[in-house]
Structure formats: structure tokens, C-alpha cells
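Each remark here refers to the structure printed beneath this line.
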Amino acid sequence: MTPLPLPTDPPPLFQDLLVEPEEARSILRPQKDERYGFGFALSPYRGCGHGCRYCYVREYPNALHKPEDWGGWVAPKLNAPELLWSQRHRLHGQRVFMASATDPYQPLERQYRLSRRCLEVLLLCPTTEVIVHTRSPMVLQDLDLLKAFGPRLSVGLSIPTDDDTVRQAVEPHAPAIPSRWAAAERLAAAGIAVTVGVAPLLAVHNPQAFARRARASGASNAWVGGLRLLKQDPFYKVLADHGWLKVLDPAYVEGIRLAFREVFPARRRVRERPEEPEPPPPPPIRQPGLFDRVS
Ligand code: SF4
Numbered sequence: 203m204t205p206l207p208l209p210t211d212p213p214p215l216f217q218d219l220l221v222e223p224e225e226a227r228s229i230l231r232p233q234k235d236e237r238y239g240f241g242f243a244l245s246p247y248r249g250c251g252h253g254c255r256y257c258y259v260r261e262y263p264n265a266l267h268k269p270e271d272w273g274g275w276v277a278p279k280l281n282a283p284e285l286l287w288s289q290r291h292r293l294h295g296q297r298v299f300m301a302s303a304t305d306p307y308q309p310l311e312r313q314y315r316l317s318r319r320c321l322e323v324l325l326l327c328p329t330t331e332v333i334v335h336t337r338s339p340m341v342l343q344d345l346d347l348l349k350a351f352g353p354r355l356s357v358g359l360s361i362p363t364d365d366d367t368v369r370q371a372v373e374p375h376a377p378a379i380p381s382r383w384a385a386a387e388r389l390a391a392a393g394i395a396v397t398v399g400v401a402p403l404l405a406v407h408n409p410q411a412f413a414r415r416a417r418a419s420g421a422s423n424a425w426v427g428g429l430r431l432l433k434q435d436p437f438y439k440v441l442a443d444h445g446w447l448k449v450l451d452p453a454y455v456e457g458i459r460l461a462f463r464e465v466f467p468a469r470r471r472v473r474e475r476p477e478e479p480e481p482p483p484p485p486p487i488r489q490p491g492l493f494d495r496v497s
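Just remember that the working numbering sits 202 ahead of the position in the sequence shown, which is counted from 1.
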């Protein structure tokens, strides 16, 4: 693939963000623990502009050089699509999760379009399934591309609370909760399998209405993941200051799970294993989407 000339300076929108473009040495991280349900994780960025206050990724080795400034820097992996193409032989029959250590549709994706370009490569790869996981309705800008995967792709939307004031306190740079519901609805209406990830579970205003909202969005699945936190973690104090320590109580987590089980009674897996794919065609010549407008 012919690399595109990519910007090295952040656009005005991201002036507060330290952008450190890099050439990655690897792009596919194997996941050997079968409980995760995927074979490879793919992260087109290092760091994440959403900067969620609870984010565990700041503890990862590749983020440890600036843990205190989590959300203030991002390293776009400029060669991610080309590297992925060179590694496509590893993907036969694999499920790929995008992304485990960043949000593929964080604000910088508007400029760099690395997630889109990686998806364009994945479309040509013999994967069993691609799971795109995000907090952002920006995923809709690639709706046509997502649809092109058919049942080979699903989208997970993180919606950890029904209360946008909680989101503002905890995920201040991530999109508002109503915009995530709108994204879930549009994806589901387009025939894409959507899973709502209530994770990590934050304070919830009305568990039953929250679960019903998830169902009404057209999502086919939902899961609830409790927060695990040590007292010395700075986020513990955030929870305590807001009176939200209940989210650490297993009984609270179970109560929310029950509310979701009532409206998602059986785990409906809509994904299907596709027929054995054709061998991949030659690499794409076009490198579209770099400066596509975000609607
Ligand atoms: S969106 Fe995900 S990766 Fe990004 S800061 Fe939030 S939890 Fe971390």
C-alpha cells in the first residue's frame, strides 16, 4: 500500500492535545485468554483523547511514560493500515477487537482516519468477525463501510450511565450519552449488530428505564461490567466526593444486571459465522477518507 502523506501538526481543533505521530512496530496484539472472545486487539492510536478518569489503559506499559496526563496526548500510529495489511495472514478465522487500548473514534480520528483505513484493510482480510468498540457517534461517519462487512462486524457502544451529569464528571471529553443512544439507533436501523456495554458501571439514575432505553435503541445485546478499584486509586476519591461509592458494591452491580436481564432475557447473538472467505485480493490502491467531512 502506498502511504498517504499524513499531517504532523494537530489541526486547530486539537491544539490542547499533544499529538505525537509515530511509526508503530506492531499493530496486532494477540489475546490468548479465550474468555475475552477475540484473537487479536487492534489499536490504531496509542493514548486516548477521551481521557476517561477511570481508564485503566493509563497503567499499560506503553502509556506509563505520562500516566498523570492521560487524555492529554495521543500517538497516531501512522503506518497502522499498511502494517495491518502486511500482517493479514495472521487473521484467518480470527475475531479482531478494535480497540482495547484506545477509542478508535476519539476526536483525532476526524483528522487521521486511521481507524477507517484499518477497517478498509480488515474488510479484505479473512477475519471471522470484527468488533468495533467506541464511546463516540463518530463511528457513524463510516456507516457504509461498516455495513459492507455484513454479519462479520458488530459495534459495541460504551454507555456506562443513564445520567449525562455523571458522564460529564467522569468522561468529560467523551461524547454525551444522548448522542451515543442516537448512534446505537442509527447503527441498529442500518442492520448492524449493536451491543451496549454498561462498563464500567457508573452511577445510574433509573436502572429499569436505563435498560429499557438500551432495548429500545435496537441493540441486540447488552452487558454490565462492574468497576474494580483499589482505595489508593485517585478515582476512588472522585467516587467518594460525588457519593457514588455504591458502584463498587456487588449488590448494586447485580441490581443493574437484573434490570438488563429483564429486557434482554436471552443473550441473542446475532452474529453468524460467515462462509469461508475468498483469499484476499491485492492491496487497495485508493487510500480514501483522510479528509472526509464529519457530519
Ligand atoms: S474511551 Fe476508552 S480508552 Fe479512551 S480514555 Fe475512555 S476508557 Fe480509556
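Just so it is clear, CB atoms sit at the ideal spot from N, CA and C, and this is done for glycine as well.
- The DSSP-derived three-state label of E222 is coil.
- Following the DSSP letters along the chain, one finds G295 in no alpha helix (DSSP H), marked with neither H nor E.
- Distance from the CA atom of I458 to the CA atom of P409, rounded to whole angstroms, is 6 Å.
- For a cut-off of 8 Å, the C-beta gap from L429 to P402 is around 4 Å, short enough to register as a contact.
- Unbroken alpha helix (DSSP H) stretches of 4 residues or longer found wholly inside the segment 326-396: 345-350, 366-372, 379-391, given in chain order.
- The nearest non-hydrogen atom of ligand 1 is 7 Å or more from the C-beta of T363.
- Boundaries of the beta strand (DSSP E) harbouring W275: 275-278, taken from the DSSP string.
- Across the set D366, C320, R292, the C-alpha of C320 shows the shortest separation from the C-alpha of D344.
- About 6 Å separates the CB atoms of H252 and R337; that is less than 8 Å, so the two are in contact.
- Assignment of beta strand (DSSP E) within the segment 421-467, counting only whole runs of 3 or more residues, yields 423-426 in chain order.
- Distances from the CB of E331 to the heavy atoms of ligand 1 are all 7 Å or more.
- Judged by DSSP secondary structure, A413 falls outside any beta strand (DSSP E) and instead within the alpha helix (DSSP H) spanning 409-418.
- In chain order, L348, V357 place their CB closer than 6 Å to the CB of I394, counting only its own chain and leaving out the 5 sequence neighbours on each side.
- Assigned with DSSP and collapsed to three states, A303 falls in coil, not helix or strand.
- Here the distance from the Cβ of C250 to the nearest heavy atom of ligand 1 is below 7 Å.
- DSSP places L285 outside any beta strand (DSSP E); the residue lies instead in the alpha helix (DSSP H), whose first and last residues are 282-288.
- With contacts defined as CB atoms closer than 8 Å, L342 and A385 qualify as a contacting pair.
- The Cβ atoms of A416 and V398 lie closer than 8 Å to each other.
- R292 sits away from L244, with the two beta carbons spaced by 8 Å or more.
- Cα atoms of S381 and N264: separation of roughly 31 Å, rounded to the nearest angstrom.
- Taking K279 as the centre and dropping the five residues before and after it, the same chain places the C-beta of E224, A226, I229, P246, Y247, R248, L316 closer than 7 Å to its C-beta, in chain order.
- Rounded to the nearest whole angstrom, the CA to CA distance from F351 to V221 is 31 Å.
- Apart from sequence neighbours up to five positions away, the residues of its chain that approach H294 with a beta-carbon distance below 7 Å are P328, ordered along the chain.
- Residue burial is scored here from C-beta neighbours: D271 has fewer than 16 other C-beta atoms within 10 angstroms and is therefore classed as exposed.
- In terms of Cβ geometry, G427 and V396 do not form a close pair [threshold 8 Å].
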